[in-house]
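Heads up: the structure comes next, in structure tokens.
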Amino acid sequence: MAPILEMKNITKQFPGVLANDDVNLSVEKGSIHALMGENGAGKSTLMNILYGLYSPSSGKILLNGKEISIDNPRDAIDQGIGMVHQHFMLIPALSVIENVVLGKKDNKKIIDLKKDADAFVALGAKYNMKIDPYALIEDLAVGQQQRVEILKAIYRGAEILILDEPTAVLTPQEVTELFKIMNQLKDEGKTIIFISHKLKEVLTICDTITVLRLGRSQPSVPSAGTTREELAEMMVGRKVILNVPKGEYKPGENVLEMNNVFTKKGSGSLDDVSLEVKRGEILGIAGVDGNGQDALIDAITGLTKVTSGTVKIKGKDITNASARTILEQKVSHIPADRHKRGMVAPMSIRENMILVSYYKEPFSKHGFINWKFVNENSEKIVEQFKVKTPNIDEAGGKLSGGNQQKMVLGRELTRDPDLVIAAHPVRGLDIGATEYVHECLIDERDKGNAVLLVSTELDEVISLSDKIAVMYEGRIMGVLDKEEFDITKIGMMMAGHV
Amino acid sequence: MKRKKGLIIGIVALLVILAVGLFAPENISSTLASFIAQDLRIALPLAVAAAGLVYGERSGVLNLGAEGLMLTGALFTWLGTSLMGGNPWLGSLLGMFSSFLMALLFAFLVITLRSNQTVIGVSINILALGLTSTIYRVVQSMEAPVYNFPSIAEVLSKLPVLGPVLTSPTETGVQLAIAGTSTFGNYLNTILSQNVMVYIGIAFIIFLQFVLFKTDLGLKVRAVGEYPKACDTLGINVFRIRYGAVLFSSLLAGFAGGLLVLDIKSFAENMTAGKGFIAIAAVIFGKYTPIGALGASLVFGGAQALQYLVQAIGWKIPGDLMNMIPYLVTIIALAGFIGKTHKPAASTIPYTKE
């Protein structure tokens with residue numbers, strides 16, 4: 001079959017960065033085509049060129065064998081190209097249907113929302129999606145918003161649908177749902193370009209894979225017969241250790257001890273949680289997002305009130321102590337949401353590096369910050385943790401996700417912790433960065449420190465942990481030893497079956 | 499549901515006004531009638547300016563320079579009217595055009611050059627104050643008669659057939675035919691015999707509400723003020739919408755400034771005296787809708803009309819204290835009684851196309 005879309009010799013030069021370097025991409029009609037690559041490999045740039053948000057420095061785009069020019073998103077939409085951005089392009093304060101018709105070319109001057117709403121609901125029904133067209137976007141769950149985005153693109157006549165990291169924001173169940181929809185679209189003859197760096201997902205859902213590395217495209221490979229290891233190597237450019245080796249498991253005394261802890265009632269509150277994490281051990285917390293993981297971390301780090309029960313660190317009762325008191329017990333916290341809790345995005349790297357310790361010597365003396373020491377220390381951490389940045393004065397928010405996480409990791413792990421609390425430490429990170437973060441956590445464990453790892457990625461929990469505690473509705477369903485790790489069993493416990 | 503609440507308040511208010519006219523003794527009804535007439539007269543410029551500002555705000559541009567635009571519009575409306583033999587229509591056109599030019603400067607600075615909207619808005623006010631005062635001192639001597647827009651009775655009297663039925667002549671001009679028939683007739687006449695712009699203005703504001711919420715253009719304006727990047731990915735030109743909204747609102751602000759001049763038939767330095775800011779407050783108090791802004795303007799206008807009411811009743815309250823009332827009401831309204839308003843998410847944030 002002839003390719004529906006070809007991008008030939010695409011080069012995009014940004015000031016100082018060659019984002020796409022002679023990239024070639026050929027997509028068959030009616031296929032799901034993966035576009036893979038590390039963060040910064042040029043995937044988004046390439047797709048933004050296809051969608052008319054950027055114009056290429058050179059190269060051409062062929063649709064059904066005919067060369068076309070796409071100068072802005074409107075051209076792309078007119079040519080039947082739709083895009084679902086990683087950060088949804090939906091207006092929270094408007095209703096679903098208002099978002100759907102916004103900017104549509106064939107709108108009448110006075111819009112008949114009812115007519116569009118009926119047509120939209122009918123379209124949704126075709127894909128088993130029930131969406132209230134008059135609900136406000138801000139009242140919808142993330143998964144639903146994504147469906148609105150997909151339907152919106154199809155409603156506008158998209159034949160080629162670009163999905164930019166669509167699974168990054170979804171729970172495992174929602175991912176399954178999404179894949180169903182994608183297969184249905186494919187059966188109808190639509191073409192999907194699936195941007196991802198999750199190896200397993202790509203191998204599950206896609207037909208063909210094109211990998212970008214450092215702005216250059218690698219020859220496409222069929223998904224059948226390709227292994228995760230091969231893909232990872234194509235993306236990173238070297239052999240990647242997907243399962244980081246660990247030293248021997250030698251548990252020491254308890255560092256963290258929780259006894260019958262309850263937190264204030266509410267969704268995801270703790271309900272009689274008892275746990276212990278020992279030196280030289282990684283305890284993984286498995287569970288579907290929203291089953292008390294956040295409350296667990298907040299209860300340990302002093303960010304939520306414990307209503308009954310005790311939390312002890314190295315034998316000292318720190319129940320309801322202030323966050324600072326707790327952090328001073330050599331506790332490091334790598335928060336789930338870097339932007340909300342891990343860093344201050346507009347502040348420079350060196351300022352972010354001292355968020356936890358600024359008040360202590362040698363970082364400051366008599367209330368004055370010792371910038372000389374702070375600078376040297378920040379430079380050291382940036383180098384040690386391989387944070388890619390022009391200098392330490394760069395705003396933290398300017399860094400890529402992986403580098404932001406390395407910055408947070410660097411700050412927390414250089415504080416010489418006894419207990420490391422890592423929540424979703426690789427969320428949104430690419431393979432290279434993920435590998436690095438995992439190495440760091442295992443290194444802490446091998447040094448004899450305690451690590452509490454919270455993650456919704458079951459594979460991650462299983463490969464890193466020495467023990468796994470499964471959470472469901474704020475309770476610990478059970479703690480499993482290494483030899484009991486079994487995906488089916490853990491899955492059952494995650495769904496509330498003992 | 500929320501929008502219904504405003505409608506209910508409006509209907510109740512109308513019923514109360516009607517009931518007072520029908521059943522209250524004459525001294526009370528005539529006091530209320532003149533209060534309402536004053537309120538409408540004072541609220542009109544505020545409402546017109548605020549309804550325009552709603553569009554700017556909805557597109558994500560907070561125009562703190564509204565005061566300056568109104569003042570510029572006021573001077574040039576006065577100048578235009580004076581030069582055109584007192585014709586308020588032509589004068590208003592010049593006023594709107596002058597405000598448009600001022601807003602073009604504002605829009606270029608905040609939309610294209612992405613300067614801080616607060617700083618530029620305030621600068622526009624200072625610029626306008628200096629500019630209008632200077633020009634006024636130069637051209638002051640050109641003072642020529644200025645006429646206001648015709649009253650509704652004057653307009654109706656010119657209608658063929660219906661004219662004589664709806665209006666009746668008086669020694670100085672015309673009045674509505676209902677006047678003089680009964681106490682209630684007098685009452686209605688006082689309320690209804692307004693400058694024709696009150697009627698055109700209210701109709702236009704309702705039209706603006708319709709455009710904002712029921713048309714493709716209105717949807718784009720609202721969307722651009724919430725999430726301009728999303729609009730960009732849908733092929734909507736964010737800059738064009740913002741320029742359009744700001745310049746359109748400047749026409750109304752200039753016109754509103756002109757209304758102040760036509761009302762007193764002369765210009766005075768800094769005659770807007772904070773009305774531009776009150777109009778901005780009316781936008782917020784009116785929950786960023788044209789009709790809401792109209793309602794808010796009536797509340798603020800009422801606060802000022804209260805001064806005349808108090809004088810009429812004969813209470814001895816120092817004038818300066820009375821002058822504070824509209825501003826005090828504005829503060830109280832903004833502080834406590836708006837409830838949950840949704841401010842456009844991208845308000846005051848310049849848009850950068852990557």
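Line by line, the protein sequences are chains P and Z. FYI, the working numbering numbers position 96 of the first sequence as 96, with every residue one higher than the one before it. FYI, the working numbering numbers position 263 of the second sequence as 761, with every residue one higher than the one before it. The C-beta atom is built at its ideal place from N, Cα and C for all residues, glycine as well.
If you follow the alpha helix (DSSP H) that R228/P is part of, which residue opens it and which one closes it? Residue range R228 to V236 is occupied by the alpha helix (DSSP H) that includes R228/P.
Give the DSSP-derived three-state secondary structure of T670/Z in the structure shown. Residue state, collapsed to three classes: coil.
N259/P to V461/P span [Cα, whole Å]: Rounded to whole angstroms, N259/P to V461/P spans 23 Å at the Cα level.
Short of 8 Å Cβ to Cβ, which residues in the segment 704-722 of chain Z face chain P? Answer set for the segment 704-722 of chain Z: K712, T713, D714, L715, L717, K718, R720 and A721.
Between G733/Z and chain P, is the shortest Cβ-Cβ distance under 8 Å, so that the two count as touching? The beta-carbon of G733/Z is placed less than 8 Å from the nearest beta-carbon of chain P.
Are the C-beta of Y725/Z and some C-beta of chain P separated by less than 8 Å? Flagged as an interface residue toward chain P: Y725/Z, by a C-beta distance shorter than 8 Å.
Alpha-carbon spacing of P842/Z relative to T787/Z, whole angstroms: Pairing P842/Z with T787/Z, the inter-Cα distance amounts to about 12 Å.
When DSSP labels each residue in this structure, what does I689/Z get in the three-state scheme? Secondary structure at I689/Z: helix, using DSSP grouped into helix, strand and coil.
Fully enclosed by the segment 151-229 of chain P, which alpha helix (DSSP H) runs are 4 residues long or longer? For the segment 151-229 of chain P, whole alpha helix (DSSP H) runs of length 4 or above, ordered along the chain, are 172-187 and 199-205.
Would you list, in sequence order, the uninterrupted beta strand (DSSP E) runs of no fewer than 3 residues that lie entirely inside the segment 319-394 of chain P? Scanning the segment 319-394 of chain P from its first residue to its last, the whole beta strand (DSSP E) runs of 3-plus residues come out as 331-334.
Within a Cβ cutoff of 6 Å, which residues of the same chain sit near I622/Z, ignoring the five residues on either side of it in sequence? Around I622/Z: G563, G566 and F604.
Buried or exposed: I811/Z, going by 16 or more other Cβ atoms within 10 Å of its Cβ? Under this definition I811/Z is an exposed residue.
When you compare the CB positions of T828/Z and L560/Z, do they come within less than 8 Å of one another, or not? No. Outside cutoff.
Considering only their Cβ atoms, is the gap separating L745/Z from A601/Z smaller than 8 Å? Yes, Cβ-Cβ distance for A601/Z and L745/Z is below 8 Å.
Anticipated Cβ contact below 8 Å, I392/P with N375/P, distance rounded: Taking C-beta atoms under 8 Å as the contact rule, I392/P and N375/P qualify, at a distance of about 7 Å.
Return yes when the Cβ of I381/P is within less than 8 Å of the Cβ of G342/P, no when it is not. Against a cut-off of 8 Å, the Cβ pair of I381/P and G342/P comes out as no contact.
If we cut at 8 Å on Cβ distances, does A531/Z have a partner in chain P? For A531/Z, the nearest beta carbon of chain P is not closer than 8 Å to its own beta carbon.
8 Å Cβ cutoff, N72/P in contact with chain Z: Chain Z, which has a Cβ nearer than 8 Å to the Cβ of N72/P, makes this yes.
Assign M499/Z to buried or exposed, taking buried as 16 or more other Cβ atoms, counted over all protein chains shown, within 10 Å of its Cβ. At M499/Z the pLDDT is 43, less than 50, meaning the model places this residue with poor confidence; the figure from the coordinates comes in the next sentence. The residue is exposed, with fewer than 16 neighbouring Cβ atoms inside 10 Å.
Within the same chain, show all residues whose beta-carbon is closer than 8 Å to that of K8/P, passing over the 5 residues directly before and after it, in chain order. So the list reads N24, G59, K60, I61 and L62, once near-sequence residues are dropped.
Does the distance from the CB of K305/P to the CB of K264/P come in under 8 Å? Their beta carbons are under 8 Å apart, which means K305/P touches K264/P by this criterion.
Please name the residue, chosen from W576/Z, L710/Z and R612/Z, that lies closest to F595/Z on a Cα-to-Cα basis. Closest in alpha carbon position to F595/Z, among W576/Z, L710/Z and R612/Z, is W576/Z.
If you compare alpha carbons, which of L629/Z, V636/Z, V694/Z and A791/Z is closest to S649/Z? Per the Cα distances, V694/Z.
CA-to-CA distance, D71/P to H424/P, given in whole angstroms: Between the C-alpha atoms of H424/P and D71/P there is a straight-line separation of about 39 Å.
Got a sec? Which residues, its chain only, sit under 7 Å from A2/P by beta carbon, not counting five neighbours each side? Correct list, in chain order: G65.
How about E159/P and K190/P: are their beta carbons less than 8 Å apart? For E159/P and K190/P, yes; Cβs fall inside 8 Å.
How is the alpha helix (DSSP H) around P586/Z delimited, first residue to last? Here the alpha helix (DSSP H) through P586/Z covers P586 to A605.
Does any residue of chain P bring its CB to less than 8 Å from the CB of A843/Z? Cβ-Cβ to chain P under 8 Å: yes for A843/Z.
C-alpha gap between V142/P and G82/P, whole angstroms: One Cα belongs to V142/P, the other to G82/P, and the distance between them is close to 19 Å.
For the segment 79-105 of chain P, list every residue whose C-beta sits within 9 Å of some C-beta in chain Z, in sequence order. Look at the segment 79-105 of chain P: the residues with a C-beta under 9 Å from a C-beta of chain Z are M83, H85, H87, F88, M89, L90, I91, P92, A93, L94, E98, N99, V101, L102, G103, K104 and K105.
In whole angstroms, what separates the C-alpha of E483/P from that of Y249/P? Annotation: E483/P to Y249/P spans about 13 Å, alpha carbon to alpha carbon.
Interface residues of chain Z facing K108/P [CB-CB closer than 8 Å]: Result: D714.
So is P824/Z buried or exposed if we call it buried at 16+ other beta carbons inside 10 Å? Per the 10 Å Cβ criterion, buried.
Can you give, in chain order, each stretch of the alpha helix (DSSP H) that sits fully within the segment 57-86 of chain P and has at least 4 residues? Given a length threshold of 4 residues, each whole run of the alpha helix (DSSP H) inside the segment 57-86 of chain P is given here in chain order: 73-78.
Does the separation of the CB atoms of I499/P and V148/P fall below 8 Å? For residue 499/P there is no data in the structure shown, the boundaries of chain P being 1 and 498.
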